[in-house]
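Contents: one structure, followed by commentary.
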Ligand code: ARG
């Protein structure tokens, strides 16, 4: 089934066409959830904006539109009311909502809650996580990793073909240094990959840096290693392989623990593009170097020029004004090759983007990185568009490029989160602490006769793992991603408020109602009947799930989903207080309410799964 917003949108477009002729189909009816329940469930504000065009008072336009709504619309909602200057207020019919919920078939492994997949599935590349090899992951990588994963899950749920890409930083001059140091310090490491730990690598890297500054000979050896690496010298490649392997041994388990669906196969690190950089640069230089003719209608033109020995891409608007400027106001180019011939982060991103569009067939490419990279991606995207890479032959539309920036995680002192000694917080340590804290809370509950569940030790650890990791993820995903947020253990682990434990608890609680319901009667969940206001509010919220997914996917804003789930759990709690379920007044009411319970639980479970958070049957 389609979301309510999509259905109403279609009905209103029909009405607009009836009133205005063909041009009405192009008008957006602006269907929104009503700001206030007293005015209905949804509203359309389109009448006000059409008044001039139709030379009629807005209320009159609204009246004509309401009259022109197709009969199906009136099976779905009460006759719409016109309010104030011309708002059209829409109130869903209880029977219609009940019938919709009855249509949702039983839960299956791939529970879609009756939501139709996208009519035109796209191939979407999602680039996220991207840790730097030979370094431990720190909190800085948390956001990209979990926001990206949730975006990938949501787009998959919508029915798109999602290709995850882990653009790990595994290439570049730093590896020359590291390899030079490693082969000198631990010649045996080349033969025994597991003998060097990621933490050692990090220390070596620091030592190698210091060494290179003091010892010109070492500096020279490091430089020679970079060249050897680029030439794929076997010994150098072996050392590089270990470093990459050891890094994987570090980050793959972190993904598993976080419930992040990135595997080794999703890794396309910078090294993957090393052989394509030369060609990418040559193409840009040939097509946009001095003397080329710019396509006349392009919204952005590029020229490729040498500037102080470096090869640069300059971007200009059709009238010749520069698109990017440095703080001094001068044109600011994207450098694609340094004067010493070395390629840069940007060169790799250009090669990667071309690969994703032409070889992976991407209709959309999404990059999840911190907000400091905004300008980098703006420039990369502008280059790709101007070069025509985004217009893939045979594709229905231009490839859409999205950068999804996010803010920083702050400590309680409102400065970027650091350990007490001022270092970056290691992600692995952070997750351990989350689980330890959650375990302490579960054990405290087990020690309290009023709250005890009688968990075994294994169960306690399992609950603690799910709650601890879920709390960290949820605290992050529930933020407006663009803002910084303050990391607070107490807040994220609280059983009250907009937290993972609260939602997980709501889910477990509904499951326990079902367990008890199943024990005392053989009544199967029955047709939904919507009578009480609390039933209505809950039913409407369940039916909104489809439009929330649409909104979250369109704006790549996961907090729309977390806010929704929080509201759903709250409405459920109210319903449960006001409407007896197992002791309902009639068998029909009991069956209907059990069904509402079941649908709520499924929505919570699917929603949490889209966040990559586990649901527990007992908690
Ligand atoms: N390794 C990069 C970093 O740590 C992130 C890579 C993001 N993806 C990309 N295609 N540039 O900042």
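Residue numbers (our numbering): 484 to 1102. Beta carbons: idealized from backbone N, C-alpha and C, even for Gly. This one's a predicted model, so the numbers in the text were calculated from it and none came from an experiment.
The beta-carbon distance between residue 1099 and residue 949, rounded to whole angstroms, is 6 Å. This is short enough to meet the 8 Å contact definition. Beta-carbon to beta-carbon, residue 784 and residue 799 are separated by about 5 Å, close enough to satisfy the 8 Å threshold.
Residue 619 is positioned such that its CB atom lies no closer than 8 Å to that of residue 662. In the DSSP assignment, residue 970 falls outside any alpha helix (DSSP H) and carries neither an H nor an E. With respect to the 8 Å criterion, residue 584 and residue 1032 are not classified as neighbours on the basis of their beta carbons. For residue 907, the shortest C-beta to heavy atom distance toward the ligand ARG is 7 Å or greater. Residue range 1070-1093 is occupied by the alpha helix (DSSP H) that includes residue 1092.
Residues of the same chain with a CB within less than 7 Å of the CB of residue 961, apart from the 5 flanking positions on each side, are 981, 1042 and 1045 in chain order.
At the C-beta level, residue 836 and residue 867 come within 8 Å of one another.
Boundaries for residue 788: no alpha helix (DSSP H) harbours it, while the beta strand (DSSP E) harbouring it runs 784-790, taken from the DSSP string. For residue 644, the secondary structure class from DSSP, reduced to helix, strand or coil, is strand. Closest in alpha carbon position to residue 491, among 539, 518, 535 and 563, is 563. As a beta-bridge residue in DSSP terms, residue 652 pairs with 615. According to the DSSP assignment, residue 1044 belongs to the alpha helix (DSSP H) that extends over 1042-1061. For residue 799, the enclosing beta strand (DSSP E) begins and ends at 793-799. Summarising the contact set, residues whose Cβ lies nearer than 6 Å to any heavy atom of the ligand ARG are, in chain order, 610, 613, 615, 650, 652, 832, 835, 850 and 852. Rounded to the nearest whole angstrom, the C-alpha separation of residue 539 and residue 573 is 22 Å.
Excluding sequence positions up to five before and after residue 810, its CB lies less than 6 Å from no other CB in the same chain.
Contact between residue 854 and residue 724 fails: their C-beta atoms lie close to 34 Å from each other, not under 8 Å. In the DSSP assignment, residue 886 falls within the beta strand (DSSP E) that extends over 883-889. Exclusion of the five residues before and after residue 1057 leaves 1017 as the residues of its chain whose Cβ lies within less than 6 Å of its Cβ.
Here the segment 601-614 makes contact with the segment 638-656; the two share three or more CB pairs at distances below 8 Å. Per DSSP, the beta bridge partners of residue 750 are 649. Between the alpha carbons of residue 510 and residue 500 lies a distance of about 9 Å. Residue 882 has its alpha-carbon roughly 39 Å from the corresponding atom of residue 519.
If you draw a straight line from the Cα of residue 896 to the Cα of residue 977, it is about 20 Å long. Annotation for residue 941: no beta strand (DSSP E) segment contains it, though the alpha helix (DSSP H) segment containing it runs 940-960. DSSP places residue 919 in the helix class (H, G or I) of the three-state scheme. Judged by DSSP in its simplified three-state form, residue 775 adopts coil rather than helix or strand.
Across the set 545, 813 and 772, the C-alpha of 545 shows the shortest separation from the C-alpha of residue 532. Inter-residue distance for residue 621 and residue 801 is about 43 Å (C-alpha atoms, whole angstroms). For residue 815, the three-state secondary structure derived from DSSP is coil. Residue burial annotation: residue 803 is exposed, with fewer than 16 other C-beta atoms found within 10 angstroms of its C-beta.
Nearest Cα to residue 1067 within the set 1036, 740, 548 and 1000: 1000. With a cutoff of 8 Å on beta-carbon distance, residue 983 and residue 892 are scored as not near each other. In terms of Cβ geometry, residue 659 and residue 712 form a close pair [threshold 8 Å].
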